[in-house]
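J.: Below is the structure I would like to discuss, written out as structure tokens.
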Amino acid sequence: MKLSLGPLQYFWPRERVLAFYESVRTWPVDIVYLGETVCSKRRELRFDDWLAVGESLAAAGKSVVLSTLALLEADSERLTLRRQVKQGRFPMEANDATALGLLAGRPFIAGPHVNTYNPGTLAELAELGAVRWVAPVELTRDTLAALHEARPAGLETEVMVFGRLPLTFSARCFTARAHNRPKDACELACRDDPAGLPLATRDGQEFLTINGIQLQSAEPVNLLGEMSALRDLGVEVLRISPEPEGTEAVVRAFRSCADGRLDADEAMARVSGLYPGFCDGYWHGGAGMDWRGRPE
Amino acid sequence: MTTQPMELVCPAGGLPALRAAVDNGADAVYVGLKGRSNARNFPGLNFDVKTLRRGISYARALGVKVFMALNTYPQPDGWASSTEVVDIAAAEGVDALIVADMGLMRYAVDHHPDLPLHLSVQASATTSDALEFYRERYGIRRAVLPRVLSIKQVAQVIDGCGVDVEVFGFGSLCVMVEGRCMLSSYATGESPNSCGVCSPAHAVRWQETPTGREARLNGVLIDTFGAGESAGYPVVCKGRFKVRDQVFYAIEEPTSLSTLDILPELFNLGVRAIKLEGRQRSPAYVGRVTRVMREALDACQADPELFVPRPEWTAALADMAEGRTHTLGAFHRAWQ
Numbered sequence: 004m005k006l007s008l009g010p011l012q013y014f015w016p017r018e019r020v021l022a023f024y025e026s027v028r029t030w031p032v033d034i035v036y037l038g039e040t041v042c043s044k045r046r047e048l049r050f051d052d053w054l055a056v057g058e059s060l061a062a063a064g065k066s067v068v069l070s071t072l073a074l075l076e077a078d079s080e081r082l083t084l085r086r087q088v089k090q091g092r093f094p095m096e097a098n099d100a101t102a103l104g105l106l107a108g109r110p111f112i113a114g115p116h117v118n119t120y121n122p123g124t125l126a127e128l129a130e131l132g133a134v135r136w137v138a139p140v141e142l143t144r145d146t147l148a149a150l151h152e153a154r155p156a157g158l159e160t161e162v163m164v165f166g167r168l169p170l171t172f173s174a175r176c177f178t179a180r181a182h183n184r185p186k187d188a189c190e191l192a193c194r195d196d197p198a199g200l201p202l203a204t205r206d207g208q209e210f211l212t213i214n215g216i217q218l219q220s221a222e223p224v225n226l227l228g229e230m231s232a233l234r235d236l237g238v239e240v241l242r243i244s245p246e247p248e249g250t251e252a253v254v255r256a257f258r259s260c261a262d263g264r265l266d267a268d269e270a271m272a273r274v275s276g277l278y279p280g281f282c283d284g285y286w287h288g289g290a291g292m293d294w295r296g297r298p299e
Numbered sequence: 076m077t078t079q080p081m082e083l084v085c086p087a088g089g090l091p092a093l094r095a096a097v098d099n100g101a102d103a104v105y106v107g108l109k110g111r112s113n114a115r116n117f118p119g120l121n122f123d124v125k126t127l128r129r130g131i132s133y134a135r136a137l138g139v140k141v142f143m144a145l146n147t148y149p150q151p152d153g154w155a156s157s158t159e160v161v162d163i164a165a166a167e168g169v170d171a172l173i174v175a176d177m178g179l180m181r182y183a184v185d186h187h188p189d190l191p192l193h194l195s196v197q198a199s200a201t202t203s204d205a206l207e208f209y210r211e212r213y214g215i216r217r218a219v220l221p222r223v224l225s226i227k228q229v230a231q232v233i234d235g236c237g238v239d240v241e242v243f244g245f246g247s248l249c250v251m252v253e254g255r256c257m258l259s260s261y262a263t264g265e266s267p268n269s270c271g272v273c274s275p276a277h278a279v280r281w282q283e284t285p286t287g288r289e290a291r292l293n294g295v296l297i298d299t300f301g302a303g304e305s306a307g308y309p310v311v312c313k314g315r316f317k318v319r320d321q322v323f324y325a326i327e328e329p330t331s332l333s334t335l336d337i338l339p340e341l342f343n344l345g346v347r348a349i350k351l352e353g354r355q356r357s358p359a360y361v362g363r364v365t366r367v368m369r370e371a372l373d374a375c376q377a378d379p380e381l382f383v384p385r386p387e388w389t390a391a392l393a394d395m396a397e398g399r400t401h402t403l404g405a406f407h408r409a410w411q
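Chains A and B supply the protein sequences, listed in that same order.
Here the first sequence is numbered in this note's numbering, starting from 4 and rising by one per residue.
Here the second sequence is numbered in this note's numbering, starting from 76 and rising by one per residue.
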């Protein structure tokens with residue numbers, strides 16, 4: 004099984020981003036997705052900067068993919084995407100129908116924000132040129148298995164196995180709202196939240212994470228306990244989403260577990276102290292926020 | 076383009092609501108079949124083939140179109156029942172099938188090439204390029220835009236593509252981009268995409284406590300209502316939560332979308348249809364909101380320059396709005 008590092012979902016200062024990807028060069032990941040998928044106002048790195056990061060990672064033997072914005076609204080965002088797809092250096096991950104249309108006819112990756120729920124859609128994606136699809140995060144194990152089984156030849160399956168789940172996007176910026184600012188005058192408030200802004204219920208349950216126009220799960224998903232099931236299914240790529248702390252340890256735990264050098268319990272022990280909690284409910288067919296931590 | 080009238084597209088969760096919409100001035104009604112194939116999969120709602128036929132004949136007799144919504148994303152166990160809906164839509168001769176899933180669009184194009192397709196709001200298409208993608212590949216004729224675009228952005232979409240554009244005009248407000256929201260399944264296991272529901276009723280619990288009336292969704296406290304506060308249905312996006320040590324509507328207040336004030340702008344931009352939300356609403360509600368919007372659209376199209384919403388329209392819509400307040404939502408940039 005290959006490991007991938009998903010696109011950075013948060014807005015970090017430029018130096019932090021560059022330092023992060025410098026260290027990723029030595030991590031045991033096979034594929035690295037780069038680029039801004041959440042908000043076009045986050046411009047600490049320009050597209051050319053991402054290309055340069057990509058070159059550095061490619062030189063370190065990583066397979067690099069450029070991810071597109073999940074929610075396009077302004078015409079300027081559409082035109083920017085049109086420019087971005089013209090680069091031919093790295094394959095791209097399409098995260099909306101705008102990108103699907105622009106990338107059709109050449110090899111691309113259908114990202115987790117493309118709604119892929121059935122083999123009919125998989126066939127469409129393959130015909131458009133997709134070489135890999137990333138499962139929507141709410142799929143259950145059984146649905147994933149059925150889709151994976153029915154996928155067209157040449158289409159790889161990727162599953163998000165670690166990180167805060169990207170649950171939804173809005174026109175509204177919830178970080179700006181929490182700071183009582185309109186989106187047009189957000190002052191890039193999300194730069195102060197390297198792991199997003201926690202949202203709790205009134206009785207104190209950690210429930211969601213605010214990340215600009217995106218809402219995420221409060222806790223990272225963690226499918227370490229399902230590694231043997233993922234292996235049995237034959238899933239080709241496991242995605243880990245960058246968090247500000249602990250990502251390298253998570254990557255190494257998954258790699259060791261995938262290679263059979265650690266069993267699931269040992270691997271889980273290596274990451275369990277790094278985060279207050281986890282979720283895996285979608286995998287088991289329940290509420291996404293639930294946590295079981297082991298196979299049924 | 077601006078000389079073409081805007082169509083009023085009204086919700087019909089059942090035959091009585093369909094009649095109410097038709098009788099009060101709808102140009103088109105949209106309906107769903109029972110089951111997971113549509114995003115208003117509530118108990119007691121929706122049509123079977125027999126009531127659909129009666130609905131179509133009632134609407135047709137008065138020159139009103141019938142659209143069928145098939146706007147969830149079927150999973151393998153629901154695929155056959157979804158393609159059956161496509162077959163029924165074609166066999167019964169609906170005026171359009173409103174669809175979100177690419178696999179189903181391919182099925183419809185391959186099996187029923189004459190069945191007109193509209194792109195559902197659940198397809199999350201927000202740019203002219205996205206709409207062109209669906210038009211070129213599946214021949215969609217119209218698209219319902221997600222409630223995330225400002226007026227200026229709607230104009231850019233219309234100018235950039237050859238697809239008719241429909242926007243939401245009144246009703247409950249999705250704060251998130253439709254078709255991309257898993258908040259409900261995150262809390263309950265069931266979402267609009269996967270099951271055709273948002274905040275399923277079986278997961279809702281009301282509880283009187285010393286601090287107030289609690290609304291929980293699968294155990295998650297969505298809000299606590301004090302004496303005298305009106306308690307809305309607990310959906311995640313309309314709850315009060317704690318962020319940065321403050322308790323507030325961190326996502327959105329309980330409020331409705333209303334475009335009454337901007338109908339002339341939508342008309343002048345070339346919006347081709349105004350959709351009213353609410354297949355889960357009562358026939359009385361559907362009849363009233365249809366009547367108000369019919370009068371407003373007629374007045375707007377007769378003279379867009381001089382259009383001023385009448386106080387009685389505003390009052391009637393406010394009376395029907397969630398939380399009794401309404402907003403222009405994303406149409407108005409400041410909301411964002």
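C-beta atoms are modelled at their ideal positions from N, C-alpha and C, and glycine is treated no differently.
Can you list, in chain order, the residues of its chain whose CB lies under 8 angstroms from that of A/Thr143, leaving out five sequence neighbours each side?
T.: Excluding positions up to five away in sequence, the list reads Tyr285, Trp286, His287 and Gly288.
J.: Along the stretch 272-297 of chain B, where does the CB come closer than 8 angstroms to a CB of chain A? Name the residues.
T.: Those would be Asn293, Val295, Leu296 and Ile297, in chain order.
J.: At the level of alpha carbons, what is the spacing between B/Gly153 and B/His193?
T.: Using only the alpha carbons, I get a separation of about 21 angstroms.
J.: So which residues on chain B does A/Ser26 lean against when the C-beta distance must stay under 9 angstroms?
T.: In chain order: nothing, as chain B lies at least about 30 angstroms away.
J.: Once you ignore the five residues that flank A/Ala179 on each side, which residues in its own chain have a CB closer than 7 angstroms to its CB?
T.: Contacts found: Pro185, Lys186, Cys189 and Ala192.
J.: How about A/Ala113 and A/Arg135: are their beta carbons less than 9 angstroms apart?
T.: In contact: A/Ala113 and A/Arg135 (Cβ atoms closer than 9 angstroms).
J.: Got a sec? Which residues, its chain only, sit under 7 angstroms from B/Gly307 by beta carbon, not counting five neighbours each side?
T.: Correct list, in chain order: Lys313, Pro329, Glu397 and Gly398.
J.: With a threshold of 9 angstroms between beta carbons, is A/Cys42 in contact with chain B?
T.: For A/Cys42, the answer is no, since every Cβ of chain B falls outside 9 angstroms of its Cβ.
J.: Just checking my contact of A/Val35 with A/Leu60 at CB under 8 angstroms: how many whole Å lie between their CB atoms?
T.: Going by Cβ atoms, the distance from A/Val35 to A/Leu60 rounds to 5 angstroms, so yes, they are a contact pair.
J.: Measure the alpha-carbon distance for A/Trp202 versus A/Ser173 and round it to whole angstroms.
T.: According to the sequence shown, residue 202 of chain A is Leu rather than Trp. Their Cα atoms are separated by approximately 16 angstroms.
J.: In whole angstroms, give me the CA-to-CA distance for A/Val117 and A/Met163.
T.: Taking the straight line from one Cα to the other gives about 14 angstroms.
J.: So B/Cys256 contacts chain A; which residues on that side make the cut at Cβ distance below 7 angstroms?
T.: By Cβ distance, chain A contributes Thr171.
J.: Mapping the DSSP letters down to three states, classify B/Ile349 as helix, strand or coil.
T.: B/Ile349: strand per DSSP, three-state reduction.
J.: Based on the DSSP secondary-structure assignment, which residues constitute the bridge partners of A/Ile243?
T.: According to DSSP, A/Ile243 bridges with A/Leu8 and A/Phe165.
J.: Taking the alpha helix (DSSP H) that A/Cys260 belongs to, which residues open and close that run?
T.: Taken as a continuous stretch (DSSP letters only), the alpha helix (DSSP H) holding A/Cys260 covers Thr250 to Ala261.
J.: With DSSP run on the structure shown, which of helix, strand or coil describes B/Gln150?
T.: Three-state DSSP puts B/Gln150 in coil, outside helix and strand.
J.: May I ask you to report which of helix, strand or coil DSSP gives B/Gly130?
T.: DSSP places B/Gly130 in helix when its eight states are reduced to three.
J.: How do the stretch 137-157 of chain B and the stretch 99-112 of chain B stand: do at least 3 beta-carbon pairs fall below 8 angstroms, yes or no?
T.: The stretch 137-157 of chain B is in contact with the stretch 99-112 of chain B.
J.: Where do the ends of the beta strand (DSSP E) carrying A/Pro223 lie?
T.: Run containing A/Pro223: Gln217 to Asn225, per the beta strand (DSSP E) assignment.
J.: Contact criterion: CB-CB distance below 9 angstroms. Does B/Ile349 meet it with respect to chain A?
T.: False, the Cβ-Cβ gap to chain A never drops below 9 angstroms.
J.: Work out the CA separation of B/Asn293 and A/Glu37 for me, nearest whole Å.
T.: The question names Glu, yet the displayed sequence has Leu at residue 37 of chain A. If I take the Cα positions, the gap works out to 36 angstroms.
J.: Any idea what DSSP makes of B/Asn268, helix, strand or coil?
T.: Three-state result, B/Asn268: helix.
J.: How would you list, in chain order, the residues of chain A whose beta-carbon sits under 8 angstroms from the beta-carbon of B/Asn146?
T.: Within 8 angstroms Cβ-Cβ: nothing; B/Asn146 doesn't reach chain A, min ~11 angstroms.
J.: In chain order, what residues of the stretch 303-321 of chain B put their CB closer than 9 angstroms to some CB of chain A?
T.: Those would be Val311, Cys312, Gly314, Arg315, Phe316, Lys317, Val318, Arg319 and Gln321, in chain order.
J.: Kindly list the residues whose CB is nearer than 8 angstroms to the CB of A/Tyr24, restricted to its own chain and excluding five residues on each side of it in sequence; keep chain order.
T.: Excluding sequence neighbours, A/Tyr24 sits near Val35, Leu37, Val56, Ser59 and Leu60.
J.: State the CB to CB distance for the pair B/Val310 and B/Cys273, rounded to an integer number of angstroms; the pair is presumed to be in contact (CB under 8 angstroms).
T.: Sure, about 6 angstroms apart at Cβ, within 8 angstroms.
J.: In terms of residues, what are the limits of the beta strand (DSSP E) holding A/Glu96?
T.: That run of the beta strand (DSSP E) goes Met95 to Ala97.
J.: Report the option in A/Val32, A/Val27, A/Val238 and A/Thr40 whose CA atom is closest to the CA atom of A/Leu147.
T.: The candidate whose alpha carbon is nearest that of A/Leu147 is A/Val238.
J.: Starting from A/Phe50, trace the alpha helix (DSSP H) both ways and give me its first and last residue.
T.: Phe50 to Ala62 is the extent of the alpha helix (DSSP H) around A/Phe50.
J.: Please list, in chain order, the residues of the stretch 198-220 of chain A that have any C-beta partner in chain B closer than 9 angstroms.
T.: Flagged, chain order: Leu200, Pro201, Leu202, Ala203, Thr204, Arg205, Asp206, Gly207, Gln208, Phe210, Leu211, Ile213, Ile216, Leu218 and Ser220.
J.: Out of curiosity, what's the CA-to-CA distance linking B/Tyr261 and B/Leu296?
T.: Rounded to whole angstroms, B/Tyr261 to B/Leu296 spans 14 angstroms at the Cα level.
J.: Leaving out five residues before and five after A/Phe50 in sequence, what residues of the same chain have Cβ atoms less than 7 angstroms from its Cβ?
T.: Result list for A/Phe50: Gln87, in chain order.
J.: Using a Cβ cut-off of 9 angstroms (strictly closer), state whether B/Thr77 contacts chain A.
T.: Reliability of the predicted coordinates at B/Thr77 is poor, the pLDDT of 48 falling under 50, and the value obtained from them is presented with this limitation in mind. B/Thr77 does not count as touching chain A.
J.: Can you name the residues that DSSP bridges to A/Ala203?
T.: The partner list for A/Ala203 (beta bridge, DSSP) reads A/Glu209 and B/Lys317.
J.: DSSP beta-bridge partners for B/Glu289?
T.: B/Gln282 and B/Thr299.
J.: Quick check on B/Trp281: buried or exposed, where buried means 16 or more other Cβ atoms within 10 Å of its Cβ?
T.: Label assigned to B/Trp281: exposed.
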